[in-house]
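Enquirer: Note that my numbering has the sequence shown beginning at 194, numbered continuously upward. This is the structure I have questions about; it appears just below.
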Amino acid sequence: MCGIVGYIGDKDAADIVFDGLRRLEYRGYDSAGIATLTGDGIDIRRAEGKLVNLEGLLRDKPLSGSLGIGHTRWATHGRPSETNAHPHHAGGIVVVHNGIIENYLELKERLQGQGHSFRSETDTEIIAHLVEQHCKEGCDFESAVRRALGEVRGAYAVAVLCVREPDRLIAARLGSPLVIGCGEGEFFVASDIPAMLSHTRQMIFLEDGDFAVFSRSSMNLSRVDGSPVERPVKTITWSPTMAEKGGYRHFMLKEIYEQPRAVADTIAGRL
Numbered sequence: 194m195c196g197i198v199g200y201i202g203d204k205d206a207a208d209i210v211f212d213g214l215r216r217l218e219y220r221g222y223d224s225a226g227i228a229t230l231t232g233d234g235i236d237i238r239r240a241e242g243k244l245v246n247l248e249g250l251l252r253d254k255p256l257s258g259s260l261g262i263g264h265t266r267w268a269t270h271g272r273p274s275e276t277n278a279h280p281h282h283a284g285g286i287v288v289v290h291n292g293i294i295e296n297y298l299e300l301k302e303r304l305q306g307q308g309h310s311f312r313s314e315t316d317t318e319i320i321a322h323l324v325e326q327h328c329k330e331g332c333d334f335e336s337a338v339r340r341a342l343g344e345v346r347g348a349y350a351v352a353v354l355c356v357r358e359p360d361r362l363i364a365a366r367l368g369s370p371l372v373i374g375c376g377e378g379e380f381f382v383a384s385d386i387p388a389m390l391s392h393t394r395q396m397i398f399l400e401d402g403d404f405a406v407f408s409r410s411s412m413n414l415s416r417v418d419g420s421p422v423e424r425p426v427k428t429i430t431w432s433p434t435m436a437e438k439g440g441y442r443h444f445m446l447k448e449i450y451e452q453p454r455a456v457a458d459t460i461a462g463r464l
């Protein structure tokens, strides 16, 4: 289980993403990282260990920009390390991912045969290279992400940036949770409600196979295959404390009702 946060708008993305990661730290604390995208390109900070290590790195080397994605990791493929921390990048594509790619070895071998070199031990890096390869073959950013996700087997929630399109954020899910937050001239994506609740209470809960493309002023929601879809915007009335409990009265109830999902997450990609 990992935590994802993304932001596109007119505010400081690194601050918003880091605050969201802090609220999702229960989802993983092996490593963490943030990437922002500006007209000057992509800037990434990653650190092994708890979120406080990333906080110190950001204090020494701040990030700028109003478009960013971040991740807090619980290691699955690859040991806990700075190298294996998200975000991962390849050829101007940056990805954060929650889930397990079952066919990553098969895809990795194919990509290596096409000249790709890998820095990490993770399955996530495969996604960045797949998108890069499809861009090389003539796809635009959105089409490349759709094609890449169509090739992977397993579970994913992803947020993706492209240096060639510094005003767009793409997010999608299959088997891993992802929620959209809708603000005034800004959008958020996160693995869970608490990451966004201090910024907006208007949220869209993506379903498996959903695919969202954001600019600072608009959102287009569809399926990964391109077919149109609509999802309702829901107003969250929970307090921040209640949101952390998933709407339950106390954490014990939350843990009881989360057991089926916890079992599914544990065996994902292993059976």
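Quick reminder that beta carbons are idealized off the backbone N, C-alpha and C, glycines included.
Rounded C-beta distance between Ala321 and Cys328? I'm assuming under 8 Å.
Expert: One-based indexing of the sequence shown puts residue 321 at position 128. One-based indexing of the sequence shown puts residue 328 at position 135. Not really, about 11 Å apart at Cβ, beyond 8 Å.
Enquirer: When you compare only the Cα positions, how much space is there between Ala240 and Gly263?
Expert: Residue mapping note: residue 240 aligns to position 47 of the sequence shown, counting from 1. Residue mapping note: residue 263 aligns to position 70 of the sequence shown, counting from 1. Approximately 12 Å, taken between the alpha carbons.
Enquirer: Check whether the segment 285-294 and the segment 241-258 are in contact - that is, three or more C-beta pairs closer than 8 Å.
Expert: At 8 Å Cβ cutoff, the stretches do not touch.
Enquirer: Give the secondary structure of Asn246 by DSSP, where H, G and I count as helix, E and B as strand, and everything else as coil.
Expert: The sequence position of residue 246 within the sequence shown is 53, counting from 1. Helix, per DSSP.
Enquirer: Which one of Gly226, His281, Gly261, Ala207 has the shortest CA to CA distance from Pro255?
Expert: Along the sequence shown, read from residue 1 onward, the residue named residue 255 stands at position 62. For Pro255, the nearest C-alpha among the options comes from Ala207.
Enquirer: Pull up the distance between the alpha-carbon of Ile201 and that of Leu367, whole angstroms please.
Expert: Along the sequence shown, one-based indexing puts residue 201 at 8. Along the sequence shown, one-based indexing puts residue 367 at 174. Approximately 22 Å between the Cα atoms of the pair.
Enquirer: Please classify Ile319: does DSSP put it in a helix, a strand, or coil?
Expert: Looking up residue 319 in the sequence shown gives position 126. Here Ile319 sits in helix by DSSP.
Enquirer: Quick one: is Gly343 buried, meaning 16 or more other Cβ sit within 10 Å of its Cβ, or exposed?
Expert: On the sequence shown, residue 343 is found 150 positions in, with the first residue counted as 1. Gly343 comes out exposed.
Enquirer: Return the residue from the list Glu358, Asp203, Glu218, Lys204 that minimises the CA-CA distance to Pro387.
Expert: One-based indexing of the sequence shown puts residue 387 at position 194. When only C-alpha atoms are compared, the closest one is Glu218.
Enquirer: Would you kindly report the start and end of the unbroken alpha helix (DSSP H) that includes Val338?
Expert: Position 145 of the sequence shown, counted from the first residue, corresponds to residue 338. It spans 334-344 - the alpha helix (DSSP H) in which Val338 sits, taken as one unbroken run.
Enquirer: Give the secondary structure of Leu371 by DSSP, where H, G and I count as helix, E and B as strand, and everything else as coil.
Expert: Sequence index remark: in the sequence shown, residue 371 carries index 178 (1-based). Coil.
Enquirer: State the Cα-Cα distance for the pair Lys301 and Ala348, rounded to the nearest angstrom.
Expert: Against the sequence shown, residue 301 aligns to sequence position 108. Against the sequence shown, residue 348 aligns to sequence position 155. Pairing Lys301 with Ala348, the inter-Cα distance amounts to about 17 Å.
Enquirer: Determine, using beta carbons only, whether Ala225 and Ala278 come nearer to each other than 8 Å.
Expert: Here the question's residue 225 lines up with position 32 in the sequence shown. Here the question's residue 278 lines up with position 85 in the sequence shown. Yes, the pair counts as a contact, with Cβ atoms nearer than the cut-off.
Enquirer: Just list the beta strand (DSSP E) runs in the segment 387-414, keeping only unbroken ones of 3 residues or longer that don't cross its boundaries, in chain order.
Expert: Correct list: 395-398, 403-407.
Enquirer: When DSSP builds the beta bridges, which residues end up paired with Ala383?
Expert: The residue given as residue 383 occupies position 190 in the sequence shown. DSSP lists Val198, Val372 as partners of Ala383.
Enquirer: Taking only the alpha-carbon atoms, compute the straight-line gap between Glu377 and Val422 and give it to the nearest angstrom.
Expert: Working through the sequence shown from its first residue, we reach residue 377 at position 184. Working through the sequence shown from its first residue, we reach residue 422 at position 229. Their Cα atoms are separated by approximately 22 Å.
Enquirer: Going by CA-CA distance only, name the one from Pro359, Ala283, Gly261 that's closest to Gly232.
Expert: Along the sequence shown, read from residue 1 onward, the residue named residue 232 stands at position 39. The shortest Cα separation from Gly232 among Pro359, Ala283, Gly261 belongs to Pro359.
Enquirer: To the nearest angstrom, report how far apart Gly196 and Val382 are at their CA atoms.
Expert: Within the sequence shown, residue 196 is the residue found at index 3, counting from 1. Within the sequence shown, residue 382 is the residue found at index 189, counting from 1. Distance between the alpha carbons of Gly196 and Val382 is about 11 Å.
Enquirer: Keeping to the same chain, check which residues put their C-beta closer than 8 Å to that of Pro425; ignore five residues upstream and five downstream.
Expert: Counting from one through the sequence shown, the residue named residue 425 turns up at place 232. Answer for Pro425: Ile397, listed in chain order.
Enquirer: Assuming Arg339 contacts Phe404 (C-beta within less than 8 Å), just tell me the rounded distance between them.
Expert: On the sequence shown, residue 339 is found 146 positions in, with the first residue counted as 1. On the sequence shown, residue 404 is found 211 positions in, with the first residue counted as 1. About 7 Å; that satisfies the 8 Å criterion.
Enquirer: Evaluate Asp203 with the Cβ neighbour count: other Cβ atoms within 10 Å of its Cβ, from every protein chain shown; 16 or more gives buried, anything less gives exposed.
Expert: Residue numbering aside, residue 203 sits at position 10 when the sequence shown is read from its first letter. Asp203 should be labelled exposed.
Enquirer: Give the DSSP-derived three-state secondary structure of Gly306 in the structure shown.
Expert: By one-based count along the sequence shown, residue 306 stands at place 113. Three-state DSSP puts Gly306 in a helix.
Enquirer: Applying the 10 Å Cβ sphere with the 16-neighbour rule, what's the burial state of Val210?
Expert: Locating residue 210 in the sequence shown gives position 17, counting from the first residue. Its Cβ being crowded by 16 or more others within 10 Å, Val210 is buried.
Enquirer: Across which residues does DSSP place Ile294 in a beta bridge pair?
Expert: Numbered from 1 along the sequence shown, position 101 holds the residue referred to as residue 294. Answer is Gly347, bridged to Ile294.
Enquirer: Ignore the nearest five residues each way along the sequence and tell me which others in Val417's own chain have a CB closer than 7 Å to its CB.
Expert: Indexing the sequence shown from 1 puts residue 417 at position 224. Result list for Val417: Arg339, Leu342, Gly343, Ala365, Gly402, Phe404, in chain order.
Enquirer: Can you tell me whether Glu330 is buried or exposed, with buried defined as 16 or more other CB within 10 angstroms of its CB?
Expert: Position 137 of the sequence shown holds residue 330. Burial call: exposed.
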